[in-house]
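**Q** One structure, pasted below without further comment.
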Amino acid sequence: GMAGFYDYGPLGSELKKNVKDAWWKTFVHAREDVVGLDSSIIHNPTTWKSSGHIDGFSDPMVDCKQTKLRYRADQLFYSPVVLKSTSETVGYVCVQENNDEIMIKDAKKQTKKLLKKLEQKGEPVEPFLFKDLTEANEEEMSQVPSPGSGEPTLTMPKDFN
C-alpha cells in the first residue's frame, strides 16, 4: 500500500468480503431498527451540514487523559455522592450505560472506594441521581472520575464528527 491505500489480492479480497458480509448480517439484517445504506464517505463539509448529519448525528466524545481511552459522552452517566448526614456533595461517580441494576452496582462500588479514600467509610449516602455526562459543567467534569482510571481525568465532551 501507499499513503494509506491498500490493494487486496484474491484471498484478501475474499476475506474482506466475508468479514463485511458477516458484519452486515449481524448489524443490519438481524435488527429491525436498522436499514442498510451504502454511500460515499467523503463529502464536502457543507454537504454534511445541509443533510443534517452534523446537527443530527453528532457523537460527543470524552477522552481519559490517563488511560487514553475514548468514550461516547452520551453513554456515560454521572451522579454526585451526597452524604445523608450533612447533605454535602463529597465527590462524583461515573458509570457506563447499562441496565439500572448494573449501573447502581457500579456506582455503589465507586462510592465505597471514594468514602474509604475520604476516611468516611460506611457513611450513608443519598440515592444516585444519574445525569447524562453531556450535561456536566466544567466544575463537575473536573471531579467526575473516568471509568477507565477512576480518577477525574476526562476531557470536556466534544463532537467527534
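Under this note's numbering, the first residue of the sequence shown carries the number -9, and numbering increases by one thereafter. We treat Cβ as the ideally placed atom computed from N, Cα and C, and that holds for glycine.
(1) So which of His33, Trp13, Asn34 has the shortest CA-CA distance to Val24?
(2) Ignoring anything shorter than 3 residues, give me the beta strand (DSSP E) runs that lie fully in the stretch 40 to 100, in order along the chain.
(3) Taking the continuous alpha helix (DSSP H) assigned at Pro144, which residues delimit it?
(4) Would you kindly report the start and end of the unbroken alpha helix (DSSP H) that includes Leu5?
(5) Enumerated in chain order, which unbroken segments of the alpha helix (DSSP H) with a length of 4 residues or greater are wholly contained in the stretch 100 to 140?
(6) Short check: CB of Thr124 to CB of Asp64, under 7 Å?
(7) Beta-carbon within less than 7 Å of Ser132's beta-carbon, same chain only, minus the 5 sequence neighbours each way: which residues are those?
(8) Pick from Ser139, Thr16, Asp90, Leu66: whose alpha carbon is nearest that of Pro147?
(9) Let me confirm a value: Tyr(-4) is counted as buried when at least 16 other C-beta atoms fall within 10 Å, else exposed. Which label applies?
(10) Within the same chain, show all residues whose beta-carbon is closer than 7 Å to that of Ile32, passing over the 5 residues directly before and after it, in chain order.
(11) Verify whether the separation of the beta carbon atoms of Lys69 and Leu119 is less than 7 Å.
(12) Report the residue from Tyr(-2), Val83, Val115 whose alpha carbon sits nearest the alpha carbon of Gln100.
(13) Among Phe150, Lys98, Lys107, Ser41, which one has its Cα closest to the Cα of Val85?
(14) Can you tell me whether Leu27 is buried or exposed? The criterion is at least 16 other CB atoms within 10 Å of its CB, across all chains shown.
(15) Please name the residue in Thr79, Glu128, Asn89, Ser29 whose C-alpha comes closest to that of Leu105.
**A** Inspection of the coordinates gives the following:
(1) Trp13
(2) 50 to 53, 60 to 62, 66 to 72, 79 to 86
(3) The amino acid at residue 144 is misidentified as Pro; the sequence shows Leu. Run containing Leu144: none; DSSP gives neither H nor E here.
(4) 0 to 14
(5) 128 to 131
(6) yes
(7) Pro142
(8) Leu66
(9) exposed
(10) none
(11) Before going further, note that residue 69 is Ser rather than Lys in the sequence given. Yes, Cβ-Cβ distance for Ser69 and Leu119 is below 7 Å.
(12) Val83
(13) Lys98
(14) exposed
(15) Thr79
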